[in-house]
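First to last, the protein sequences are chains A and B. Take the first sequence: its letter number 190 is residue 190 in our numbering, and every next letter is one higher. Take the second sequence: its letter number 71 is residue 1071 in our numbering, and every next letter is one higher.
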Amino acid sequence: MELNRLTIKQARAGLDSGKFTSVDLTTACLKRIKERNTEINAFITVCEKSALAEAEAADVLIKNKKIKPLTGIPFSVKDAICTAGVRSTGAAKILDNYIPPFNATVIKKIREQGGVLLGKNNCDTFGHGASNENSMYGPVPNPHDTTKVAGGSSGGSAAAVADNMCIYAIAEDTGGSIRYPASFCGIVGLRPSYGRNSRYGIMPMASSLDTVGPMTKTVEDMAIVMQEIAGQDVLDATTVPDVVPNYEKELSKIDLGKLTVGVPKEYFSVDALDPEVKSATLTAIEKLKQAGATIKEVSLPMTKYAIAVYYIVVPCEDSSNLGRLDGVRYGVRADEKSLYDLYAKSREAGFPEEVKRRILIGTYALSAGYYDAYYKKAQKVRTLIIRDFEKVFQEVDVLITPTSPFPAFALGEKSFDPMAMYLADVFMAPASLAGVPGLSVPYGKTKSGLPIGVQIIGPRLSEGLVMGVGEAIEKN
Amino acid sequence: MALSLEEVRKIAKLARLNLTEAEEKRHAETISVVLDYMNILNEVNTDGVEITSQVTGLSDVMRPDEPRNCEIKKELINQMPETEDNELKVPAVFE
């Protein structure tokens, strides 16, 4: 078997028993990237030289038995997450030359235990998109069918994992950016509860919604990575003090006989829901029932308002956050004599159309006279969406839904219709607004061979339970 | 609700964003569609509902205000587009 195809669990066993080295494993991933990246475009930056040096250092750690779960395992990182000494563009030309002097906290945790950074993954610029077509570094074709999109915004990370260019990836999810491409590419993606993992060092999009999570080949691998990156961080005041549970133990103690699964009826009556996606999701639910779980239809009546709330809250927070990118202190600066032109022209050249659109919507919705009608109204409806989830989780342990209404669509199909692209987030935006975890696991394929993803949503900080149910679905 | 070209220009100026004429037109069209969609929220009765601005339930997260050494000063300065004597250089703010 080619080493780049291994899971974290398999790679760990091989490294620790001396069957192969981290240099062997890293070389296999770099070789695959070299063969495939021209077509798949999953990487904006590849760190060939430093990755091999890091792998050599990891081999010394392994030889000296200073082994942690991610020591010597090659991984890649969404380009909207800062990596010390490695260019981090966020897929925006305004940061084309930006080399962060620090690591995001989650990346620091991995690199400190000898994780091998292979490179930086393509994405929709600053996470703005559902297809990866809003990247200033080009789209990411789906490895299962290169005429289709990989999904977004973390399309490069999803494609890199699915195409075995890395062992796992770290990405970011605001309204579906991990789960959506995970479902399109047939891998596992977790949006953790807001506050579970540190956001320090990620390029902020909507600060009240952004989360950092892993993208892996199996649920078991997901639990391994989450164990290493979760927890409170003094550099992110929104991380919660709750103790990180032992996720591997939580996976093994799942008792389907005691589990009540909620099926939210609003999610299955969406017009755009593809029949094959619907049938796969219902089959996954049926299998859980056969394994002993109780299935209960539930209602989340605020579901139909989630996209409207999401696409007000996000551009408002986005436009404020992006104010920092003005060509003054770092990044690419337009050569202008007046300060106004320096700002306006640096931003003109450095942002793609969708980023500009969101800045404009946010600036409009936050301006005098519109603030109450848009932002404040959206924040109130957000409260009602949260109440929906609180109520439903008194009746059931988890919810099961499709991740996306449809499988991967054709490149170019929706790229000129922003509203159609926004509606793709329909099953993911509600959980994001409520701050609860959502896991996408692959479950079968369409007749034309495209992967289908099923989403498991749980109450706040129930990542262990959500992954446990995910593993039960994965193994059926 | 239709957004006029003039409104797009006004917001773009507030946001310090240069747009081409074609972009102004496209943004006016696409943003109008998005704003129209947002009207769906008027169906929801939110009388007496509190706003949500964060979901963790945490409040007043504090740390001691103590000076710390910045160990990446040189790297930070290296990222600046223009410097003079190790300081950031910008166009004049006042005429």
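Virtual Cβ for every residue (Gly too), placed ideally from N, Cα, C.
- Query: Hey, does A/Ile359 have any beta-carbon neighbour from chain B nearer than 8 Å?
  - Reply: yes
Worksheet item: Going along the chain, which residues of its own chain have a beta-carbon closer than 6 Å to the beta-carbon of A/Ser153, five neighbours each way excluded?
Response: Cys123, Asp124, Gly127, Gly129 and Ser177
Taking only beta-carbon atoms, is B/Ala1022 less than 8 Å away from chain A?
-> no
Checklist entry - List, in order along the chain, the chain B residues whose C-beta lies closer than 7 Å to that of A/Gln379? => result Ile1051, Thr1052 and Ser1053
* Asked: Quick one: what does DSSP say A/Met222 is sitting in, helix, strand or coil?
  -> helix
- What's the gap between the Cα of A/Asn121 and the Cα of A/Ala365? 32 Å
**Alpha-carbon to alpha-carbon, A/Leu433 and A/Tyr370** = In this structure, the CA atom of A/Tyr370 is about 21 Å from the CA atom of A/Leu433.
#### Entry: 7 Å CB neighbourhood of A/Gly468 in its chain, flanking five on each side removed
Glu250, Leu251 and Ile254
What is the rounded straight-line gap between the Cα of A/Ile40 and the Cα of A/Pro204?
-> 26 Å
By Cβ distance, which residues of its chain are closer than 8 Å to A/Leu461, with the 5 residues on each side in sequence left out? Ser193, Arg196, Val240, Asp242 and Pro437
Comparing alpha-carbon positions, which option in A/Val277, A/Lys78, A/Pro430 and A/Leu342 lies nearest A/Tyr311? A/Pro430
Whose C-beta lies closer than 8 Å to the C-beta of A/Glu35 among residues of the same chain, with five residues either side of it excluded?
none
Worksheet item: Between the stretch 182-189 of chain A and the stretch 136-155 of chain A, do three or more beta carbon pairs fall short of 8 Å?
Response: yes
Fill in: Neighbourhood of A/Lys445 by C-beta distance below 6 Å, restricted to the same chain and skipping five residues each side
Pro451
Task: Spatially closest choice to B/Glu1029 from A/Leu360, A/Glu390, A/Pro402 and A/Glu413, by CA coordinates - done: Ranking A/Leu360, A/Glu390, A/Pro402 and A/Glu413 by Cα distance to B/Glu1029 puts A/Leu360 first.
| So A/Ala171 is in the alpha helix (DSSP H); what residue range does that whole segment cover? | No alpha helix (DSSP H) holds A/Ala171; the beta strand (DSSP E) holding it covers Tyr168 to Asp173.
Item to complete: Buried or exposed for A/Ala238, please, with buried defined as at least 16 other CB atoms from any protein chain shown within 10 angstroms of its CB.
Response: Reading the sequence as shown, one finds Thr at residue 238 of chain A and not Ala. Flag for A/Thr238 reads buried.
Query raised in the report: According to DSSP, which residues form a beta bridge with A/Leu399?
Result: A/Gly262 and A/Ile457
query: Which chain B residues are close to A/Thr105, counting only those with a beta carbon under 9 Å from its beta carbon?
result: Within chain B, no residue comes near A/Thr105; the closest Cβ sits about 15 Å away, beyond 9 Å.
| task | Could you tell me which residues DSSP pairs with A/Ile62 in its beta bridges? | result | According to DSSP, which records beta bridges pairwise, A/Ile62 is partnered with nothing at all.
- Could you tell me if A/Lys380 is buried or exposed, where buried requires 16 or more neighbouring beta carbons within 10 angstroms of its beta carbon? buried
Could you tell me if A/Gly90 is buried or exposed, where buried requires 16 or more neighbouring beta carbons within 10 angstroms of its beta carbon? buried
Exercise for review: Please work out which residues of its chain come closer than 6 Å, Cβ to Cβ, to A/Gly155, disregarding the five sequence neighbours upstream and downstream, and give them in chain order.
Suggested key: Asn132, Val140 and Pro181
* Checking contacts by CB at 8 Å: is B/Asn1018 closer than that to chain A? -> yes
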